[in-house]
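J.: In the numbering used here, each number is its position in the sequence shown, counted from 1, plus 12.
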Amino acid sequence: MQNSSIPEDIIKIQKKLTTLEKDSRNYKKYTKILAKHIKSHTMKKRVNSHIKTIENIEKIEQKEKEES
């Protein structure tokens, strides 16, 4: 499961949610916690993607400078 794109903490929270009764206080609490974890995970992925894009653009610009 190391190659999984879903982090372990999110999976643990989802497993905990399955044991809780829907619309209970703990269910709502864990749903909010899960939403926070998912939001931070997607933000990290987005930032990493932007960094890779910037690095690729810089590489292309360097190649163009070397060729001319």
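Just so it is clear, CB atoms sit at the ideal spot from N, CA and C, and this is done for glycine as well.
#1: Can you tell me whether residue 52 is helix, strand or coil according to DSSP?
#2: Report yes if the CB atom of residue 39 is closer than 9 Å to the CB atom of residue 33, and no otherwise.
#3: How long is the line joining the alpha carbons of residue 23 and residue 46, rounded to whole angstroms?
#4: Given a cut-off of 9 Å, decide if residue 25 and residue 49 are closer than it, judged by their beta-carbon atoms.
T.: Answer, in terms of the structure:
#1: helix
#2: Contact annotation: residue 39 and residue 33 have beta-carbon atoms nearer than 9 Å.
#3: So the two alpha carbons sit approximately 9 Å from each other.
#4: yes
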